[in-house]
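Here the structure comes first, spelled out in structure tokens, and everything after it is commentary.
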Ligand SMILES: [Zn+2]
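Numbering (this note's numbering), first residue to last: 3 to 103.
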């Protein structure tokens, strides 16, 4: 009886530990990701804990936009992808300016 009780405690503790590690990892990943509002195009970051419990659809999360207030599924985009996009757009603009001269 005691053995079963101890086993139960170990099971609960290990499940909890795995869960905590998962949340911690998720939060760390989320610090390098942001969301984009499909309506106004605003980009914003949300605390990992909040998105972890938010309703999801694939990688999209149900959030409300801080700019226009719309509540819908927002695309979860890695920051690198965005900086890469900005850099490319910047290079394109610079090229166009040089050609215009
Ligand atoms: Zn918006």
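Just so it is clear, CB atoms sit at the ideal spot from N, CA and C, and this is done for glycine as well.
C-alpha distance - residue 29 paired with residue 48, whole-angstrom precision: Between the alpha carbons of residue 29 and residue 48 lies a distance of about 10 Å.
Span of the alpha helix (DSSP H) around residue 24: Element bounds for residue 24: 4–32.
Beta-ladder partner(s) of residue 80, from DSSP: Paired residue(s): 35.
C-alpha gap between residue 101 and residue 76, whole angstroms: Rounded to the nearest angstrom, the two C-alpha atoms are 37 Å apart.
One or two residues paired with residue 92 in a DSSP bridge: Paired residue(s): none; residue 92 is not in a bridge.
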